[in-house]
Amino acid sequence: NEVAKDVKRCSGCLVARYCTAACQRAHWKAGSHKPRCKQIKQSKSIFDRELKVVDDAVRDGTIEVSNAGAKAPTKATKPRDSGDYLLIVFVV
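Residue numbers (the numbering used here): 42 to 133.
In structure tokens:
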């Protein structure tokens, strides 16, 4: 199977990609993507709401974000290394 140059993304979750609309419909009808799509959309919605709370708090000065101690992630960097994340300071 040759992959089309213009690969389409699922308009629901924006994660799944399909070479043609026919492939997307077949995947949806087979029940393979529908439940996963719903989970992805729900997770994205929760994340977006939480991110908005953080963005609003940064804008309002309730929290500050600092790059102190942060380092650029690499393939060798383990996600649990404390230096991989921005420092969020709550202002009281």
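C-beta: ideal position from N, C-alpha, C; glycine also.
Output the distance between the C-alpha atoms of residue i and residue j, rounded to the nearest integer angstrom.
i, j, result
"Lys70", "Ile81", "18 Å"
"Gly102", "His68", "46 Å"
"Arg66", "Cys78", "13 Å"
"Cys64", "Pro76", "17 Å"
"Gln83", "Ala57", "15 Å"
"Ser52", "Lys85", "13 Å"
"Asp96", "Phe88", "12 Å"
"Arg90", "Ala98", "13 Å"
"Arg165", "Leu92", "Because the chain is modelled from 42 through 133, residue 165 falls outside the range shown and cannot be assessed."
Based on Cα-Cα distance, which residue from the options lies nearest to residue i?
i, options, result
"His74", "Ala98, Glu105, Val48, Leu55", "Leu55"
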